[in-house]
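Under this note's numbering, the sequence shown has 20 at position 20, and the numbering climbs by one with no breaks.
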Amino acid sequence: MLWAFHRESAEYLRRFLASAARDHERYRWANFLLHVPDVFLSAKARETVVKRLDRILP
1 MLWAFHRESA EYLRRFLASA ARDHERYRWA NFLLHVPDVF LSAKARETVV KRLDRILP
(Lines of atoms letter the chains of each structure in order from A and count residues from 1; the text may use other names and numbers.)
(Lines give C-alpha, C1' and ligand atoms only; values in the text may rest on other atoms or scores of the structure.)
Protein backbone atom coordinates (compact mmCIF):
# COMPACT_ATOMS: atom_id res chain seq x y z
CA MET A 1 0.00 0.00 0.00
CA LEU A 2 1.25 3.44 -0.90
CA TRP A 3 -0.22 6.55 0.67
CA ALA A 4 0.51 10.20 1.29
CA PHE A 5 -0.53 12.61 4.04
CA HIS A 6 -2.12 15.07 1.62
CA ARG A 7 -1.77 16.46 -1.89
CA GLU A 8 1.53 18.25 -1.24
CA SER A 9 3.23 15.12 0.08
CA ALA A 10 1.78 13.11 -2.83
CA GLU A 11 3.29 15.58 -5.28
CA TYR A 12 6.68 15.28 -3.58
CA LEU A 13 6.35 11.50 -3.68
CA ARG A 14 5.61 11.63 -7.41
CA ARG A 15 8.62 13.88 -8.09
CA PHE A 16 10.84 11.68 -5.92
CA LEU A 17 9.85 8.49 -7.74
CA ALA A 18 10.16 10.10 -11.18
CA SER A 19 13.61 11.58 -10.58
CA ALA A 20 16.75 9.81 -11.73
CA ALA A 21 18.61 10.73 -8.52
CA ARG A 22 16.33 9.88 -5.62
CA ASP A 23 18.13 11.84 -2.91
CA HIS A 24 15.43 12.19 -0.25
CA GLU A 25 17.29 15.04 1.48
CA ARG A 26 16.45 17.40 -1.40
CA TYR A 27 12.73 17.18 -0.57
CA ARG A 28 10.67 18.88 2.09
CA TRP A 29 9.03 15.59 3.03
CA ALA A 30 12.36 13.76 3.45
CA ASN A 31 11.31 11.73 6.50
CA PHE A 32 8.16 10.58 4.72
CA LEU A 33 10.16 9.59 1.63
CA LEU A 34 12.56 7.51 3.74
CA HIS A 35 9.68 5.17 4.54
CA VAL A 36 8.49 4.46 0.99
CA PRO A 37 8.52 0.66 0.67
CA ASP A 38 11.30 -0.75 -1.53
CA VAL A 39 8.79 -2.41 -3.82
CA PHE A 40 7.70 1.05 -5.02
CA LEU A 41 11.29 2.19 -5.50
CA SER A 42 12.23 -0.65 -7.83
CA ALA A 43 12.79 0.26 -11.47
CA LYS A 44 9.94 -2.03 -12.54
CA ALA A 45 7.38 -0.36 -10.29
CA ARG A 46 8.41 3.29 -10.44
CA GLU A 47 7.03 3.97 -13.92
CA THR A 48 3.66 2.42 -13.07
CA VAL A 49 3.41 4.24 -9.74
CA VAL A 50 4.28 7.59 -11.35
CA LYS A 51 1.63 7.06 -14.06
CA ARG A 52 -1.00 6.28 -11.44
CA LEU A 53 -0.04 9.30 -9.37
CA ASP A 54 -0.29 11.42 -12.53
CA ARG A 55 -3.90 10.25 -12.95
CA ILE A 56 -4.75 11.08 -9.35
CA LEU A 57 -2.95 14.44 -9.30
CA PRO A 58 -4.31 16.44 -12.24
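Beta carbons are placed, not taken as given, at the ideal position from N, Cα and C, and that holds for glycine. Quick caveat: nothing in here was measured; it's all calculated off a predicted structure.
How long is the line joining the alpha carbons of residue i and residue j, rounded to whole angstroms?
i: VAL49; j: GLU11; result: 12 Å
i: LYS51; j: ARG26; result: 22 Å
i: LEU34; j: SER42; result: 14 Å
i: ASP23; j: PRO58; result: 25 Å
i: LEU13; j: HIS6; result: 11 Å
i: ASN31; j: SER9; result: 11 Å
i: TRP3; j: ALA18; result: 16 Å
i: ALA20; j: MET1; result: 23 Å
Let me confirm a value: residue i is counted as buried when at least 16 other C-beta atoms fall within 10 Å, else exposed. Which label applies?
i: ARG55; result: exposed
Using 8 Å for Cβ pairs, my map puts residue i next to residue j. What's the rounded Cβ distance?
i: VAL39; j: ALA45; result: 6 Å
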